[in-house]
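Novice: Our numbering puts the first residue of the sequence shown at 169, with every later residue one more than the last.
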Amino acid sequence: MTRDQKIGHLSMLAASVMWGLMAPVSKAAMNSDAVSAMLVADVRIFGAAILFWILSLFTKGEKVQEKGDYIRFFFAGLFAIILNQGVYVTGVSMTSPVDASIITTTLPIVTMIFAAIFIKEPITGKKAGGVLLGAFGALLLIFGNRLLPGAGAEVQTARSSSLTGDLLCFLAQCSYAVYLVIFRNLIKKYSPVTLMKWMFTFASVIMIPVSARSLALTGWGSISFTEYAELAYVLVFGTFLCYLIVPVGQKFLRPTLVAMYNYVQPVVATIAAIVWGMDSFNILKVVAVVLIFSGVLLVNRSKARDPEDQG
Numbered sequence: 169m170t171r172d173q174k175i176g177h178l179s180m181l182a183a184s185v186m187w188g189l190m191a192p193v194s195k196a197a198m199n200s201d202a203v204s205a206m207l208v209a210d211v212r213i214f215g216a217a218i219l220f221w222i223l224s225l226f227t228k229g230e231k232v233q234e235k236g237d238y239i240r241f242f243f244a245g246l247f248a249i250i251l252n253q254g255v256y257v258t259g260v261s262m263t264s265p266v267d268a269s270i271i272t273t274t275l276p277i278v279t280m281i282f283a284a285i286f287i288k289e290p291i292t293g294k295k296a297g298g299v300l301l302g303a304f305g306a307l308l309l310i311f312g313n314r315l316l317p318g319a320g321a322e323v324q325t326a327r328s329s330s331l332t333g334d335l336l337c338f339l340a341q342c343s344y345a346v347y348l349v350i351f352r353n354l355i356k357k358y359s360p361v362t363l364m365k366w367m368f369t370f371a372s373v374i375m376i377p378v379s380a381r382s383l384a385l386t387g388w389g390s391i392s393f394t395e396y397a398e399l400a401y402v403l404v405f406g407t408f409l410c411y412l413i414v415p416v417g418q419k420f421l422r423p424t425l426v427a428m429y430n431y432v433q434p435v436v437a438t439i440a441a442i443v444w445g446m447d448s449f450n451i452l453k454v455v456a457v458v459l460i461f462s463g464v465l466l467v468n469r470s471k472a473r474d475p476e477d478q479g
């Protein structure tokens, strides 16, 4: 494993930890009537655009090399931010949390398939086995409490499933997989600051007509200090810092391997829930974590199309 690949793994691991913690934090914020799912999405998109523009003022200026890259930035933002975040939030609001969690485990599988189709990334036995092993571990983590003796109605989901909501959640995974595969050359071409500055700018332009009315009607005075702090975490750690370091991982690691870190997020969320007294520790969770990281290891050791991507 090269130095660049080690940096890529550390970047994805750090982002996965922050994203994993964002799940319980954002859920706590949305328990308030004053904080809606749309508001959380707006804070992430508009806030991150502002932060990336501010950061760009303190970094070495990087010019966009081709006018056609602005179009690529637009579509990258469309797939990675609007269709991923916006559609997923809408899907979660329509279906059960368990369904949404299960569907997020399809990202590495969809990415592996798209990478094979569009960039001819080989689907090896190790890669397919690692993806499926990680998926099984993630599903065990989600359903673990249901498998234990005495599990009853308290572990049932509070909301019923919805086919439309499930499909929207799946569309969100497909859109991010498209971004990881199709825009890989764009990700390698520019620094994370330049890449995210323009992606979030175009995403903000798309969101203005959608969110203007809801933002104007938001009761900002009814949001508590704690809820503002939770929104700040979602913006600074769960969005700005994550999207700043994720391109580093995308630059040095293969799309399928990047997608595999999606399985780390429920591990982090579960650990946080146990520490905060929201969940309990059991042997099934240990097995799930071992399966997930074993899957990541298998995919990491699988054959890459390009020698420089190996490892």
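Every residue gets a Cβ at the ideal spot worked out from N, C-alpha and C, and that includes glycine.
#1: Just checking my contact of I250 with I374 at CB under 8 Å: how many whole Å lie between their CB atoms?
#2: So the candidates are T394, Y411, S470, L452; which of them puts its Cα closest to the Cα of A217?
#3: Tell me the DSSP secondary structure of V278 in three-state form.
#4: By the three-class DSSP mapping on this structure, what secondary structure does P423 have?
#5: State yes or no: is the C-beta of V455 within less than 8 Å of the C-beta of L300?
#6: Taking only the alpha-carbon atoms, compute the straight-line gap between L459 and L421 and give it to the nearest angstrom.
#7: Short of 6 Å in beta carbon distance, which residues of its chain neighbour A371, apart from the five on each side in sequence? Order them along the chain.
#8: Looking at C-alpha atoms only, which residue of T170, L178, V208, G298 is the closest neighbour of N273?
#9: Can you list, in chain order, the residues of its chain whose CB lies under 7 Å from that of Q341, leaving out five sequence neighbours each side?
#10: With respect to the alpha helix (DSSP H) encompassing G236, which residues constitute its N-terminal and C-terminal limits?
#11: Going by C-alpha distance, which of D237, F226, M186, F282 is nearest V346?
#12: Is it buried or exposed for R381, if we count other Cβ within 10 angstroms and need 16 for buried?
#13: Give me the residue from Y358, G254, S200, E234 with the minimum Cα distance to S379.
#14: In or out: P377 buried (at least 16 other Cβ within 10 Å) or exposed?
#15: Could you check the C-alpha separation between I350 and G417 for me, to the nearest Å?
#16: How would you write the range of the alpha helix (DSSP H) that Y431 sits in, first residue to last?
#17: What would DSSP say about D334, mapped onto helix, strand or coil?
#18: Sorted by chain position, which residues of the same chain lie with C-beta nearer than 6 Å to I391's C-beta, five sequence neighbours on each side aside?
#19: Keeping to the same chain, check which residues put their C-beta closer than 6 Å to that of V185; ignore five residues upstream and five downstream.
Specialist: The structure says:
#1: Yes, I250 and I374 are in contact; Cβ-Cβ is about 5 Å, under 8 Å.
#2: Y411
#3: helix
#4: helix
#5: no
#6: 21 Å
#7: Once the five neighbours on either side are set aside, the close Cβ partners of A371 are I213, G245, I249, I250.
#8: Note on identity: in this sequence residue 273 is Thr, with Asn being the wrong assignment. Of T170, L178, V208, G298, the residue nearest in Cα terms is G298.
#9: Non-local beta-carbon contacts of Q341 in its own chain, meaning distances under 7 Å to residues more than five positions away in sequence, involve I271, T272, T274, L275, V278 in chain order.
#10: 236–245
#11: Considering only alpha carbons, the answer is F282.
#12: exposed
#13: G254
#14: exposed
#15: Pairing I350 with G417, the inter-Cα distance amounts to about 16 Å.
#16: Y431 -> no alpha helix (DSSP H), and no H or E assigned at all.
#17: helix
#18: A202
#19: Spatial neighbours of V185 in its own chain (CB-CB distance under 6 Å, excluding positions within 5 residues in sequence) are listed in chain order as V436.
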